[in-house]
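Enquirer:
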Ligand code: KIV
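Residue numbers (my numbering): 1057 to 1336.
1. Near residue 1183, what residues of its chain come up, given a Cβ to Cβ distance below 8 Å and the 5 sequence neighbours on each side ignored?
2. Check this for me: beta carbons of residue 1294 and residue 1278, under 9 Å apart or not?
3. Restricting to Cα atoms, I'd like to know which of 1186, 1144 and 1283 is closest to residue 1111.
4. Say the cut is 8 Å; is the CB of residue 1081 nearer than that to a heavy atom of the ligand KIV?
5. Of the choices 1207, 1258 and 1254, whose alpha-carbon is the least far from that of residue 1242?
6. Is residue 1324 near the ligand KIV, going by C-beta to nearest heavy atom under 8 Å?
7. Looking only at C-alpha atoms, which of 1333, 1222, 1302 and 1259 sits nearest to residue 1076?
8. Going by DSSP, which residues form a beta bridge with residue 1074?
9. Just to confirm, is the Cβ distance from residue 1250 to residue 1168 under 9 Å?
10. Sorted by chain position, which residues of the same chain lie with C-beta nearer than 7 Å to residue 1211's C-beta, five sequence neighbours on each side aside?
11. For the alpha helix (DSSP H) containing residue 1126, name the first residue and the last one.
12. Looking at C-alpha atoms only, which residue of 1309, 1070, 1060 and 1084 is the closest neighbour of residue 1276?
13. Based on Cα-Cα distance, which residue from 1335, 1255 and 1191 lies nearest to residue 1159?
14. Quick one: complete alpha helix (DSSP H) runs, 4+ long, within the stretch 1198-1253?
15. Mind checking whether the beta-carbon of residue 1255 lies closer than 8 Å to any heavy atom of the ligand KIV?
16. May I ask you to report which of helix, strand or coil DSSP gives residue 1335?
17. Which residues mark the beginning and the end of the alpha helix (DSSP H) in which residue 1154 is found?
18. Tell me residue 1062's beta-bridge partners as DSSP assigns them.
19. With respect to the alpha helix (DSSP H) encompassing residue 1302, which residues constitute its N-terminal and C-terminal limits?
20. Would the C-beta of residue 1084 count as close to the ligand KIV, meaning under 8 Å from any of its heavy atoms?
21. Please work out which residues of its chain come closer than 7 Å, Cβ to Cβ, to residue 1180, disregarding the five sequence neighbours upstream and downstream, and give them in chain order.
22. Counting C-beta neighbours from all protein chains within 10 Å, is the total for residue 1120 16 or more, i.e. buried, or is it exposed?
23. Does DSSP put residue 1340 in a helix, in a strand, or in coil?
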């Protein structure tokens, strides 16, 4: 039987029941198909696609149009999964009107169930405006890659009492602004645990330890596909880079040795046609 598609109230219930929620990024049709078939609870079409799919140095160059195309592909593959579309840089920074219009594109054009945007107190007006438009909103605090220039690079956050307190205030402000979900990235487990306890909305961690309601990882890290760097919090469950490299090497060897293709890979002429063809 196909699994039931989760909705935001199911995610809240899972928090209340202490049932951990599994969440991964996906950017394309095949991995989204595998993820849904494996029984994953949620997918994020993250702007990390800029690095994982396009080879950019950061998420900053990613555009709305790129995000929409990837969200559409993932939705086609995972029709029964709760999918969050990630709002890229410049899609919500400029004005509330812009933020609502772009959030609507994720829902209307790409069939997303929710959107995610980065930042704490300073973006609560955007969260409120998007939630008021009837859209499920996921906040994102801690290491926020779109503003890595301001926060000192891709560094863990909340490691001093002062910055931990600021993060907790951000989390409370995000919930009060109407967000339905919150992601906390690269913060000490103790800080994430306080945030989980203080909030009634589901709190997810990526690099935030185990005392949260759900876990997120980037699929390209999990399957060992992304090669540029591996954050401390990643657990690799496969080595796709090695599998693909080995397959390509074996193919090259076969081609050079004329071992591929063999007869099993060939189409044959129809009954009786080969004899006539030979006398042509
Ligand atoms: O874009 C993304 O995948 C993200 C994660 C790094 C949290 O926002």
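Note that the Cβ used here is the ideal one computed from N, Cα and C, for glycine as well. All of these numbers come straight from a predicted model, not from anything done at the bench.
Expert: The structure says:
1. Position 127 of the chain shown, counted from the start, is the residue given in the question as residue 1183. 1173, 1193, 1195, 1230, 1233, 1234 and 1235, listed in sequence order.
2. Along the chain shown, one-based indexing puts residue 1294 at 238. Along the chain shown, one-based indexing puts residue 1278 at 222. Yes, these two residues count as a Cβ contact at 9 Å.
3. Sequence index remark: in the chain shown, residue 1111 carries index 55 (1-based). Among 1186, 1144 and 1283, the Cα nearest to that of residue 1111 belongs to 1283.
4. Within the chain shown, residue 1081 is the residue found at index 25, counting from 1. It does: the Cβ of residue 1081 is within 8 Å (strictly closer) of some heavy atom of the ligand KIV.
5. The sequence position of residue 1242 within the chain shown is 186, counting from 1. The option with the nearest alpha carbon to residue 1242 is 1207.
6. Sequence index remark: in the chain shown, residue 1324 carries index 268 (1-based). Checking every heavy atom of the ligand KIV against the Cβ of residue 1324, none is found closer than 8 Å.
7. Taking the chain shown and counting its residues from 1, one reaches residue 1076 at position 20. Cα-wise, what sits closest to residue 1076 is 1259.
8. Along the chain shown, read from residue 1 onward, the residue named residue 1074 stands at position 18. In DSSP, residue 1074 forms no bridge with anything.
9. What you label residue 1250 is simply residue 194 of the chain shown in a count that begins at 1. What you label residue 1168 is simply residue 112 of the chain shown in a count that begins at 1. Not a contact, by the Cβ cut-off of 9 Å.
10. Along the chain shown, one-based indexing puts residue 1211 at 155. The residues are 1199.
11. Translated into the one-based positions of the chain shown, residue 1126 becomes position 70. Per DSSP, residue 1126 belongs to the alpha helix (DSSP H) from 1120-1133.
12. The count along the chain shown starts at 1 and reaches residue 1276 at position 220. Looking at the Cα atoms, 1084 is the closest of the given residues.
13. Numbered from its first residue, the chain shown carries residue 1159 at position 103. The option with the nearest alpha carbon to residue 1159 is 1191.
14. 1217-1232
15. Position 199 of the chain shown holds residue 1255. For the ligand KIV, not one heavy atom lies less than 8 Å from the Cβ of residue 1255.
16. Position 279 of the chain shown, counted from the first residue, corresponds to residue 1335. In the structure shown, residue 1335 sits in coil (DSSP, three-state: anything other than H, G, I, E or B).
17. Position 98 of the chain shown holds residue 1154. Its alpha helix (DSSP H) spans residues 1152-1164.
18. Working through the chain shown from its first residue, we reach residue 1062 at position 6. Residue 1062 pairs with nothing; no bridge assigned.
19. Taking the first residue of the chain shown as 1, we reach residue 1302 at position 246. Looking at the DSSP string, the run of the alpha helix (DSSP H) that includes residue 1302 is 1296-1312.
20. For the purposes of this step, residue 1084 is taken as residue 28 along the chain shown, with counting starting at 1. Incorrect: residue 1084 has no Cβ contact closer than 8 Å to the ligand KIV.
21. If you number the chain shown from 1, residue 1180 lands on position 124. Taken in chain order, the residues that qualify are 1229, 1230 and 1233.
22. Locating residue 1120 in the chain shown gives position 64, counting from the first residue. Per the 10 Å Cβ criterion, buried.
23. An answer regarding residue 1340 cannot be provided, because it is not within the stretch 1057 to 1336 covered by the chain.
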